[in-house]
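Visitor: The structure that follows is given in the form of structure tokens.
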């Protein structure tokens, strides 16, 4: 899901400079990190995170919730530029 989101960002870039920056980010993540896939534990964490968010009146996107849940299930911090991830409880967010 994470790689898909980064790839989508590349494809939706508004200009050549933005595309180059997003491609560099995607390449850095692919070569520098072992990005876990969503698995059974991630699915369970997804249910917990989304139910808590909905009880607080929030409706996170499925993609963001899956990314957050995968980080939680693997006990990993989430490195992101998206402050929206701060809304997920039990998720360690590192803004970059």
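Numbering (the numbering used here), first residue to last: 3 to 98. Where is the CB? At the ideal position from N, CA and C, for every residue including glycine.
Applying the criterion that 16 or more other CB atoms from any shown protein chain within 10 Å of the CB defines a buried residue, is residue 79 buried or exposed?
Guide: In the chain shown, the residue the question calls residue 79 occupies position 77. Result: exposed.
Visitor: Taking all protein chains shown into account, decide if residue 44 is buried (16 or more other Cβ within 10 angstroms of its Cβ) or exposed.
Guide: Numbered from its first residue, the chain shown carries residue 44 at position 42. It counts as buried.
Visitor: Would you kindly work out how many angstroms separate the C-alpha atoms of residue 98 and residue 70, rounded to a whole number?
Guide: Position 96 of the chain shown, counting from 1, holds the residue named residue 98. Position 68 of the chain shown, counting from 1, holds the residue named residue 70. Cα to Cα, residue 98 sits roughly 16 Å from residue 70.
Visitor: What span of residues does the alpha helix (DSSP H) with residue 18 cover, start to end?
Guide: For the purposes of this step, residue 18 is taken as the residue at position 16 of the chain shown. 18-34 is the span of the alpha helix (DSSP H), which, as asked, contains residue 18.
Visitor: Are residue 12 and residue 24 close, meaning C-beta to C-beta below 7 Å?
Guide: Working through the chain shown from its first residue, we reach residue 12 at position 10. Working through the chain shown from its first residue, we reach residue 24 at position 22. It is a contact, given that the beta carbons lie within the stated cut-off.
Visitor: Exposed or buried, which one is residue 30 when buried takes at least 16 other CB atoms within 10 Å?
Guide: As a position in the chain shown, residue 30 is number 28, starting the count at 1. Flag for residue 30 reads exposed.
Visitor: Run through the DSSP bridge pairs and tell me what residue 97 is partnered with.
Guide: Numbered from 1 along the chain shown, position 95 holds the residue referred to as residue 97. According to DSSP, which records beta bridges pairwise, residue 97 is partnered with 82.
Visitor: Would you report the Cα separation of residue 90 and residue 55, rounded to the nearest angstrom?
Guide: Position 88 of the chain shown, counted from the first residue, corresponds to residue 90. Position 53 of the chain shown, counted from the first residue, corresponds to residue 55. Between residue 90 and residue 55, the C-alpha separation is close to 7 Å.
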